[in-house]
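Participant: Numbered according to our numbering, the sequence shown spans residues 61 to 406. Backbone N, C-alpha and C fix where the C-beta goes; we use that ideal spot for every residue, glycine too. Since the model is a prediction, treat every value here as computed from it, not as a measurement.
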Amino acid sequence: MQLFSKISVISLVLLASACVVPFEMDVQSEKKYMVIEGTLTDIDTDQTINIHETYNFKKNTYNAPLLNLKVEVRVNDSEIIHLNEKGNGIYALPALFRIHPGNTYQLRIQKPDGTVYESSKEKTTQVPAIDRIFDEFEVTGIKGDFKDLPANYIYLDFKDNPDEKDFYTWTWQLWERQYYCYTNYYDFSCDSECWEILYNKDFNVFSDIYSNGKNTIGKLVSKIPFYSTDGALLELKQQAVSEQVYQYFKLVSEQSQNSGTLVDTPPAAIVGNVRNINDSTEPVAGVFSVASTVKQKYWLDRKNGHGKASPIGILGRMPVPAPNARPYPCIDGPGRTPFKPEGWIY
61 MQLFSKISVI
71 SLVLLASACV
81 VPFEMDVQSE
91 KKYMVIEGTL
101 TDIDTDQTIN
111 IHETYNFKKN
121 TYNAPLLNLK
131 VEVRVNDSEI
141 IHLNEKGNGI
151 YALPALFRIH
161 PGNTYQLRIQ
171 KPDGTVYESS
181 KEKTTQVPAI
191 DRIFDEFEVT
201 GIKGDFKDLP
211 ANYIYLDFKD
221 NPDEKDFYTW
231 TWQLWERQYY
241 CYTNYYDFSC
251 DSECWEILYN
261 KDFNVFSDIY
271 SNGKNTIGKL
281 VSKIPFYSTD
291 GALLELKQQA
301 VSEQVYQYFK
311 LVSEQSQNSG
321 TLVDTPPAAI
331 VGNVRNINDS
341 TEPVAGVFSV
351 ASTVKQKYWL
361 DRKNGHGKAS
371 PIGILGRMPV
381 PAPNARPYPC
391 IDGPGRTPFK
401 PEGWIY
């Protein structure tokens, strides 16, 4: 079976000599494909690029970090910024690096064997501020495999830039109180205060083609499952990206929605804006983007859901407490923390 026998016929606008298309790897093929994950921003945060390979072996998909790469970002075709390898396929820019809307940025990667990859030249506009965030409760807010799940729909207002062609994406991070830190048939309680950290599984995108310069009121940007009747802390990011990156995330969003539920992965890898400069037929998945960013926290009190639906539980179910068992530590990491997040109400 040929690798491209399953290629989707979806095609999108050709931009910057790069086309955003989905592809499915042949489950019999063990060929490896590069995946790029990285967004550079203008806010105070770590600026990193994650580079790894994905491949299939015996019908299972595996990821492996790409090491010993020479990685750099070119600014306005003149300044070259070298990235430092941090391990596990993560390459970091200098601590004080921030993008400036209007400048162009291009990622360049060289493998130890001399193979060179380059992204399209990316630039963005200045993102506008978020004017207001509010939520509404929906009893059947998220489509599930067996039944629809209750959720809080999150909306916001903002004013679009009047003189720019803008493309937006929204992502979120959620802190929920977690009372159980280990599961082995039974659920074992935490030995201290603990918060679960959850992230969006889909991408919300928007183009101002029909609303340039206007106030956008009540834009639905996320659907937060009704995990608990307790309050939770939500952080929303509003980002302005290039049209090419907008098309990429639009396709990711459509594939996620078509695959069933929010926790499903897209059915096909998506070729982004990075290319082998000597072999344009090599598919490179993922995307390199620059994004002017604003973020704002919102206390989701969930009072509008009380008495209307049963919570689904942070574990995806109601806990089964272990009888007479010792508690487990809340280990700090990307998905959990013992430190109270800034903005937590109680």
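How far does the beta strand (DSSP E) with Glu137 in it extend, from its first residue to its last?
Facilitator: Note on identity: in this sequence residue 137 is Asp, with Glu being the wrong assignment. No beta strand (DSSP E) contains Asp137, which DSSP labels as neither H nor E.
Participant: If you draw a straight line from the alpha carbon of Leu126 to that of Ile111, how long is it in whole angstroms?
Facilitator: 6 Å
Participant: Can you tell me which of Ser180, Leu209 and Ile337 puts its alpha carbon nearest to the alpha carbon of Lys171?
Facilitator: When only C-alpha atoms are compared, the closest one is Ile337.
Participant: For Ala345, which residues does DSSP report across the bridge?
Facilitator: Beta-bridge partners assigned by DSSP to Ala345: Val95 and Val331.
Participant: Would Pro343 be called buried (16 or more neighbouring beta carbons within 10 Å of its own) or exposed?
Facilitator: buried
Participant: Can you list, in chain order, the residues of its chain with a C-beta nearer than 7 Å to that of Tyr388? Leave out the 5 residues immediately preceding and following it.
Facilitator: Cys241, Tyr242, Phe248, Cys250 and Asp251
Participant: Count the other CB atoms within 10 Å of the CB of Arg335; is the residue buried (16 or more) or exposed (fewer)?
Facilitator: buried
Participant: So, under 8 Å CB-CB, Leu153 and Leu143 are touching, yes? Tell me the CB distance rounded to an integer number of Å.
Facilitator: Approximately 6 Å separates the beta-carbon atoms of Leu153 and Leu143; this is inside 8 Å, confirming the contact.
Participant: With distance defined between alpha-carbon atoms, name the residue in Thr289, Tyr246 and Trp230 nearest to Arg386.
Facilitator: Tyr246
Participant: Could you name the residues of the same chain whose beta carbon sits closer than 6 Å to that of Asn275, not counting the 5 residues immediately before and after it, in chain order?
Facilitator: Lys219
Participant: Which value, in whole angstroms, describes the spacing of the CA atoms of Ala124 and Tyr215?
Facilitator: 37 Å
Participant: DSSP three-state call for Leu375: helix, strand or coil?
Facilitator: Looking at Leu375 - three-state DSSP - the assignment turns out to be coil, as it is neither helix nor strand.
Participant: Starting from Ile202, follow its DSSP beta bridges and name the residues at the other end.
Facilitator: Leu209
Participant: Once the 5 residues before and after Trp404 are set aside, which same chain residues still bring their CB inside 6 Å of it?
Facilitator: Correct list, in chain order: Leu293.
Participant: Mapping the DSSP letters down to three states, classify Tyr239 as helix, strand or coil.
Facilitator: coil
Participant: Would you call Thr105 buried or exposed, if buried means 16 or more other Cβ atoms sit within 10 Å of its Cβ?
Facilitator: So Thr105 ends up on the exposed side.
Participant: Is the Cβ-Cβ distance between Gly464 and Ala211 less than 8 Å?
Facilitator: The chain is shown from 61 up to 406; residue 464 falls before or after that span and cannot be answered.
Participant: Taking the C-alpha atoms as reference points, what is the distance between Asp392 and Gly174?
Facilitator: 39 Å
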